[in-house]
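Working notes for the structure below.
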Amino acid sequence: MRLHEEIRELCGQKDAVILAHNYQIPAVQDAADFVGDSLELARKAQNTDARMIVFAGVDFMAETAKLLNPQKKVLLAAKGAYCRMANMLLPEKLAGAKKKHPDASVVLYVNSSAECKALADCCCTSANAEKIVNAMPSDTVLFGPDKNLAVFVSKRANKKILPVPADGFCYVHKFIFLKDVLQAKRLHPNALFIAHPECNPDVQEIADAIGSTSQMLKIAQQSDAKEFIIGTERDMVYRLQKDLPDKKFYPACSTAVCRSMKKTSLVEVHSALKNETFEVKLGEGIIEKARKPIEKMLSIT
Ligand code: 13P
Ligand code: SF4
Numbered sequence: 005m006r007l008h009e010e011i012r013e014l015c016g017q018k019d020a021v022i023l024a025h026n027y028q029i030p031a032v033q034d035a036a037d038f039v040g041d042s043l044e045l046a047r048k049a050q051n052t053d054a055r056m057i058v059f060a061g062v063d064f065m066a067e068t069a070k071l072l073n074p075q076k077k078v079l080l081a082a083k084g085a086y087c088r089m090a091n092m093l094l095p096e097k098l099a100g101a102k103k104k105h106p107d108a109s110v111v112l113y114v115n116s117s118a119e120c121k122a123l124a125d126c127c128c129t130s131a132n133a134e135k136i137v138n139a140m141p142s143d144t145v146l147f148g149p150d151k152n153l154a155v156f157v158s159k160r161a162n163k164k165i166l167p168v169p170a171d172g173f174c175y176v177h178k179f180i181f182l183k184d185v186l187q188a189k190r191l192h193p194n195a196l197f198i199a200h201p202e203c204n205p206d207v208q209e210i211a212d213a214i215g216s217t218s219q220m221l222k223i224a225q226q227s228d229a230k231e232f233i234i235g236t237e238r239d240m241v242y243r244l245q246k247d248l249p250d251k252k253f254y255p256a257c258s259t260a261v262c263r264s265m266k267k268t269s270l271v272e273v274h275s276a277l278k279n280e281t282f283e284v285k286l287g288e289g290i291i292e293k294a295r296k297p298i299e300k301m302l303s304i305t
């Protein structure tokens, strides 16, 4: 039997749901119950009735699912699939910044550890960062770990944004250079350019639209344009092309690959389901504290 069918059969037998991020390889996207951006995946995790959640993505996404479902078994399909950007913010650093700015609210990108989330007032994703920051009661907001998202928000929100750490970044988006986008535009002169807010400010500046991975899909759906250059991880193009076969999508940079997202293949998903590995385990104290900023985010948006 093909791995895909076996995976679907195991999901039925074990009452499991597979949640996959838009950057997963095509075969994993095709085998999943739901494919989406960080916000949609958190919402799905919050609302699922399944007994078990298998996450095809990176660690912070599976942790978020666990925080919202402490009673359920949550598995990260691939061992060591971690978000490098999330690891750039340490709880001690955040605690130090809070001490220095006691009146500031703390908004953390969901791409952060559960330990850091436990110190935050609210979480956000790239789909709702501006809205969340504007909903904070203070004039100053400590925001981390992504500096580019912090710049994106500071241009739009009515608050003073202090990035923590000073220069957190996603290597996948940081290395999509302006020259890559200009070259893609020369090759596809009629295409609209959609960037992710994790891209560098100079890349964001020449974008026709900026959005989270699933917002990219909505933008392309609603646009009259037929061609799009996509400024984010390479496999996002597969998701877009699959949903909108009559339009054309080109990656802004074909080497923009998140290595952690590529650790999951059908073999890992199958093994996770069969052997119930790798279970997300978080202490009760952390769950209690880190769940609040996620629930707050979901209640605001
Ligand atoms: P999205 O929420 O836009 O899918 O982004 C998640 C992520 O990790 C981007 O690098
Ligand atoms: Fe983290 Fe960047 Fe990979 Fe997204 S693309 S999971 S931010 S390292």
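The opening position of the sequence shown corresponds to residue 5 in the working numbering, with each subsequent residue numbered one higher.
Even glycine gets a Cβ: it sits at the ideal position worked out from N, Cα and C.
Please name the residue in the options whose C-alpha comes closest to that of residue i.
i, options, result
"Tyr175", "Asp63, Thr236, Ala31 and Lys77", "Thr236"
"Glu209", "Ala20, Leu186, Ala69 and Glu299", "Leu186"
"Phe52", "Asn73, Glu67, Val39 and Thr68", "Going by the sequence as given, residue 52 is Thr instead of Phe. Nearest of Asn73, Glu67, Val39 and Thr68 to Thr52, Cα basis: Asn73."
"Lys251", "Ser227, Ala260 and Tyr113", "Ser227"
"His25", "Ala85, Phe156 and His8", "Ala85"
"Lys135", "Asn115, His8, Ala161 and Glu9", "Ala161"
"Ile298", "Val110, Ala211, Lys178 and Asp184", "Val110"
"Met220", "Leu244, Lys189 and Ile180", "Leu244"
"Lys249", "Met265, Pro255, Lys230 and Ala256", "First, the residue type needs correcting, since residue 249 is Pro and not Lys in the sequence shown. Nearest option by C-alpha distance: Lys230."
"Gln50", "Ile214, Ala276 and Leu71", "Leu71"
"Ala276", "Lys77, Ala256, Ala46 and Ser42", "Lys77"
"Lys293", "His274, Lys246, Cys127 and Pro193", "Cys127"
"Tyr27", "Met301, Phe253, Asp239 and Lys18", "Asp239"
"Leu166", "Asp184, Ala108 and Thr129", "Ala108"
"Ser303", "Ala46, Arg12 and Glu9", "Ala46"
"Met265", "Leu7, Ile29 and Glu44", "Ile29"
"Leu191", "Glu96, Ala54, Pro255 and His274", "Pro255"
"Asp63", "Arg295, Asp184 and Val114", "Val114"
"Arg295", "His274, Gly100, Leu112 and Lys103", "Leu112"
"Val21", "Thr217, His274 and Val137", "His274"
"Lys189", "Asn204, His177 and Ala211", "Ala211"
"Ala213", "Ala131, Glu9 and Gly100", "Ala131"
"Met301", "Lys222, Val241 and Ala133", "Ala133"
"Leu182", "Asn91, Asn204 and Thr217", "Asn204"
"Leu196", "Lys159, Phe253, Val145 and Asp184", "Phe253"
"Val145", "Lys222, Val241 and Lys102", "Lys102"
"Cys87", "His177, Asp184, Lys222 and Val58", "His177"
"Lys31", "Asn91, Tyr242 and Lys278", "Correcting the residue type first, residue 31 is Ala in the shown sequence and not Lys. Here the closest residue by C-alpha is Tyr242."
Below 8 Å on the Cβ atoms is my contact criterion, and I expect residue i with residue j to pass it. Report the Cβ-Cβ distance as a whole number of Å.
i, j, result
"Gly40", "Lys48", "7 Å"
"Leu153", "Ser116", "Incorrect: roughly 12 Å between the Cβ atoms, too far for contact."
"Ala260", "Ile198", "At roughly 13 Å, the Cβ-Cβ gap does not stay under 8 Å, so Ala260 and Ile198 are not in contact."
"Leu98", "Val157", "At roughly 17 Å, the Cβ-Cβ gap does not stay under 8 Å, so Leu98 and Val157 are not in contact."
"Leu79", "Met56", "7 Å"
"Met89", "Gly172", "6 Å"
"Ala69", "Leu23", "7 Å"
Taking all protein chains shown into account, do 16 or more other C-beta atoms lie within 10 angstroms of the C-beta of residue i, making it buried, or fewer, making it exposed?
i, result
"Glu202", "buried"
"Ser258", "exposed"
"Arg263", "exposed"
"Glu67", "buried"
"Gln225", "exposed"
"Gly16", "exposed"
"Ser42", "buried"
"Ala170", "exposed"
"Asp206", "exposed"
"Arg6", "exposed"
"Asp19", "exposed"
"Lys164", "exposed"
"Glu44", "buried"
"Asn194", "exposed"
"Asp247", "exposed"
Is residue i close to chain C? Criterion is C-beta to C-beta, closer than 8 Å.
i, result
"Met140", "You won't find chain C in this structure, because it holds only one protein chain."
With respect to 7 Å, is the separation between the Cβ of residue i and the closest non-hydrogen atom of ligand 3 below this value?
i, result
"Lys121", "Of the ligands one can find in the structure shown, namely ligand 1 and ligand 2, none is ligand 3."
Handout entry: Residues whose Cβ lies closer than 5 Å to any heavy atom of ligand 1, in chain order
Key = Asp41, Ser42, Thr129, Ser130, Ser216 and Thr217
Exercise for the section: Indicate whether the contact test is met: 3 or more Cβ pairs, each with one atom in the region 134 to 144 and one in the region 115 to 124, closer than 8 Å. Expected result: no
Practice task
Answer yes if the region 267 to 274 comes into contact with the region 227 to 246, meaning at least three C-beta pairs across the two stretches below 8 Å, and no otherwise.
Solution key: no
Exercise for the section: Taking 8 Å as the threshold, find out whether the region 147 to 165 comes into contact with the region 104 to 121 through three or more Cβ pairs. Expected result: yes
Practice task
Could you tell me whether the region 76 to 96 touches the region 277 to 295, using the rule of 3 or more Cβ pairs below 8 Å?
Solution key: yes
Practice task
Could you please go through the chain and list the residues whose beta-carbon is closer than 7 Å to any non-hydrogen atom of ligand 2?
Solution key: Tyr27, Val62, Cys87, Arg88, Met89, Ala90, Asn115, Cys174, Tyr175, Val176, His177, Glu202, Glu237, Cys262, Ser264 and Met265
Handout entry: the region 27 to 45 contacting the region 286 to 294, beta-carbon criterion three pairs below 8 Å
Key = no
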